[in-house]
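Take a look at the structure set out below.
There are 2 protein chains.
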Amino acid sequence: MKTVEPASEFPVPRDERRQHTQERILCAARELFSRSGYDRTTIRAVAAAAKVDPALVMHYFGSKEELFGEAIRVDMEDVVVGPEEELADRLLSKLGDKLEAEPDAQLALLRSMLTHPQAAEGVRRALARECGQVVGSAIGGAEGALRAGLVSATTIGVIVGRYLLQLDGLKDADPKEITEILRPCFRALVDHGVEPKKTRAPRSKRRRAG
Amino acid sequence: MKTVEPASEFPVPRDERRQHTQERILCAARELFSRSGYDRTTIRAVAAAAKVDPALVMHYFGSKEELFGEAIRVDMEDVVVGPEEELADRLLSKLGDKLEAEPDAQLALLRSMLTHPQAAEGVRRALARECGQVVGSAIGGAEGALRAGLVSATTIGVIVGRYLLQLDGLKDADPKEITEILRPCFRALVDHGVEPKKTRAPRSKRRRAG
DNA sequence: GTCTATACGAAGATAGAC
DNA sequence: GTCTATCTTCGTATAGAC
Chain H
13 MKTVEPASEF PVPRDERRQH TQERILCAAR ELFSRSGYDR TTIRAVAAAA KVDPALVMHY
73 FGSKEELFGE AIRVDMEDVV VGPEEELADR LLSKLGDKLE AEPDAQLALL RSMLTHPQAA
133 EGVRRALARE CGQVVGSAIG GAEGALRAGL VSATTIGVIV GRYLLQLDGL KDADPKEITE
193 ILRPCFRALV DHGVEPKKTR APRSKRRRAG
Chain F
13 MKTVEPASEF PVPRDERRQH TQERILCAAR ELFSRSGYDR TTIRAVAAAA KVDPALVMHY
73 FGSKEELFGE AIRVDMEDVV VGPEEELADR LLSKLGDKLE AEPDAQLALL RSMLTHPQAA
133 EGVRRALARE CGQVVGSAIG GAEGALRAGL VSATTIGVIV GRYLLQLDGL KDADPKEITE
193 ILRPCFRALV DHGVEPKKTR APRSKRRRAG
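From first to last, the protein sequence lines are chains H and F.
Position in the first sequence counted from 1, then plus 12, gives you the numbering used here.
Position in the second sequence counted from 1, then plus 12, gives you the numbering used here.
Structure, rendered in C-alpha cells:
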C-alpha cells in the first residue's frame, strides 16, 4: 500500500512528508491505545488506521514499546503556583480543563495504567507533579503525603469514571457542575492546617503533628 | 504432570479432589489476573501456578473468558440500608473494610476494568449497587446520579490508587486515617438536600429541582 | 524510503492416547 | 479424568526486493 499522493504535481519536501506521516501514525496510535489499551492494540491495526504499511511503523519507531512511549508522551509543564489558600481551586480548575477537553493524549496513558508498568509510572509522575503541592501544606509530612494521595486518587477516579468506565451519572455530566460539587471535597482535603478565609473550617478536632 | 497425591493410601472422594483442584486453579487465576490483568495472564501460567496441566484448566472452565468470569465473580450481597443521614458513614465504612482487607478477589476485577469490557461492566454494576443509594437522596434526579457517580469515582480512585497504582502517600497509609480524612468529602457529596444533624450544612445556595 | 514476504515465537484451543 | 502433542492464529520483528 502506498501513501496517497497527488501523482507528482510539484515536489513536496521529503522531510515534511516524513514528519507528516509520522504524525499520522502517532495520531492513530494514540487513538487505538486510548481505546483498547496497550495489549489489545496491534502494530498492524495502527498501520491500517494510519493508512501505512506495518513495517513502516516499525521502521520509524523501532518497536511497539517505543511507539507507545511516544504516544503517551504528554508535555505537562504547566504547574501553576500561587497562594496556598487557593490551591484547592487551582487543582479543581485543572481537573475542569481535563473534563472539558477530553484529553485524547492522556487517555492512552490512563487506559493502560493498570496493566502496563510504564503507563503506571507515567501516571504516578503526572499526579505527583500536579498534586505534590498539597504535601507541603501539611502539618506532619506523612499526613500531607496522604492528603496529596487522596487528591490524586479523587482526580484519577473522576477522569477514569467519566471517560473510561463511563459511569452513568458521570459520563454526560456538565464539567462545571462536577467541579462545583467536588469543591468542598477538594477544600476539605487540601485546606486543613490552613487559615480558612471564605471557606468554613473543614474539621472540628485538631490532629497532632508528626 | 500429576497432581500431588499420597500414592494411594485410602480413597479420597473424587468429587472432593475435583472441587479442591478447581478451587486451586481459581485461586491461582485470581492471583495472576489481579497481578497482571486479563491479557497478560496466560492459561499456561495459571496452570503452572496451580500445579496442574494447562489442558485441565480448559477442561474445567472451557475457555479463558469463562475462567476469568469465574475468577472475578465476587458475591456482593451486603448492601446495608439505614437512616439517610448516616449514608455517608456507611459508604465510608465499606470503603474502610476494603482498605483493610486487600480484597484479592476484587483486585482481579479492578486490574482489568480499563481493558476488558466484561470487567468494566462488573465494576459498574458493583458501584451502582453500592453507591446507588445516593441517587435517591437527591432533589433532582440528574444531580443525584452525578453525586452517586462522584462517590463511585472517589471510591474507585482510592482503591486503585492504593493497591494498583500504589501512589506514594496512599499505599502504606492507615485505613482508619484514610477514611477519617475522606469523611468530610463523602458527607459533602452525599448529604446535600438532607437536614444537617451533627454535620454542618454543606452548601449555601439551593438548586432547582428537575 | 517504502513495501512484500516471511521468520519466529507464543497463546488459545483441540484431538486423542492412556 | 488426566495429560501429550499438535493445530491454528496472530503478534512482533526482520531481511531484502524495488
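Where is the CB? At the ideal position from N, CA and C, for every residue including glycine.
| Query | Result |
| --- | --- |
| Amino acids of chain F, ordered along the chain, whose beta-carbon sits closer than 9 angstroms to that of SER75 (chain H) | Within 9 angstroms Cβ-Cβ: nothing; SER75 (chain H) doesn't reach chain F, min ~17 angstroms. |
| Residue nearest to VAL172 (chain H) in terms of C-alpha spacing, selected from F:ASP203, F:GLN145, F:HIS32 and F:GLY161 | F:GLY161 |
| 8 angstroms Cβ cutoff, ASP203 (chain H) in contact with chain F | no |
| Distance between THR54 (chain H) and PHE198 (chain F) (C-alpha atoms, nearest Å) | 41 angstroms |
| Min CB distance GLU189 (chain F) to chain H below 8 angstroms | yes |
| Terminal residues of the alpha helix (DSSP H) in which SER105 (chain H) lies | 99-113 |
| Beta carbon proximity, ARG136 (chain F) to chain H, threshold 8 angstroms | yes |
| Min CB distance ASP101 (chain F) to chain H below 8 angstroms | no |
| Contact check, LEU107 (chain F) vs LEU179 (chain H), beta carbons under 8 angstroms | no |
| Cutoff 8 angstroms: LEU38 (chain H) Cβ touching any chain F Cβ | no |
| Interface residues of chain H facing ALA157 (chain F) [CB-CB closer than 7 angstroms] | ASP180 and GLY181 |
| Proximity test, Cβ basis, 8 angstroms: VAL91 (chain H) and chain F | no |
| Collapsed DSSP secondary structure at VAL64 (chain F) in the structure displayed | coil |
| Per-residue burial, ASP203 (chain H) [other beta carbons within 10 Å of its own, 16 or more giving buried] | buried |
| Three-way DSSP call (helix, strand, coil) for PRO129 (chain F) in this model | helix |
| Chain F within 8 angstroms of ARG123 (chain H), Cβ atoms only | yes |
| Residue burial classification, ARG141 (chain F) (beta-carbon count within 10 angstroms, cutoff 16) | exposed |
| Listed by chain order, chain H residues near VAL172 (chain F) by CB distance under 9 angstroms | MET125, LEU126, ALA165, ILE168, GLY169 and VAL172 |
| Minimum C-alpha distance to ARG30 (chain F) - residue among F:GLN130, F:GLU43, F:PHE73 and F:ASP51 | F:PHE73 |
| Element boundaries [alpha helix (DSSP H), containing GLN118 (chain H)] | 116-123 |
| ARG52 (chain F) at chain H interface by Cβ criterion, 8 angstroms | yes |
| Closest Cα partner of LEU12 (chain H) within the set F:GLU192, F:LEU122 and F:LYS183 | This structure leaves residue 12 (chain H) out entirely; chain H is present only between 13 and 222. |
| Start-to-end residues for the alpha helix (DSSP H) that takes in ILE190 (chain H) | 187-202 |
| Neighbouring residues, chain H, relative to LEU68 (chain F) (Cβ below 9 angstroms) | Correct list: empty, because the minimum Cβ distance to chain H is about 25 angstroms. |
| Proximal residues of chain F, C-beta to C-beta of ALA60 (chain H) below 9 angstroms | Within 9 angstroms Cβ-Cβ: nothing; ALA60 (chain H) doesn't reach chain F, min ~20 angstroms. |
| Min CB distance ALA185 (chain F) to chain H below 8 angstroms | yes |
| Selected residue, minimal CA-CA separation from TYR50 (chain H), among H:PRO129, H:SER105 and H:VAL93 | H:PRO129 |
| Short CB-CB distance (under 8 angstroms) between LEU104 (chain F) and chain H | no |
| Under 9 angstroms from the C-beta of ALA140 (chain H): neighbouring residues of chain F | LEU179 and ASP180 |
| Residue environment, VAL92 (chain F), which counts as buried when at least 16 other CB atoms sit within 10 Å | exposed |
| Beta-carbon gap between ARG159 (chain F) and ILE190 (chain H) smaller than 8 angstroms | no |
| Alpha-carbon spacing of SER63 (chain F) relative to ALA117 (chain F), whole angstroms | The amino acid at residue 63 (chain F) is misidentified as Ser; the sequence shows Lys. Taking the straight line joining both Cα atoms gives about 20 angstroms. |
| Nearest residue (CA-CA) to LYS76 (chain H), options H:VAL58, H:ASP65 and H:VAL86 | H:VAL58 |
| Within-8 angstroms CB hit, GLN31 (chain F) to chain H | no |
| Top-ranked residue by Cα proximity to THR166 (chain H), from H:CYS143, H:ASP184 and H:GLU96 | H:CYS143 |
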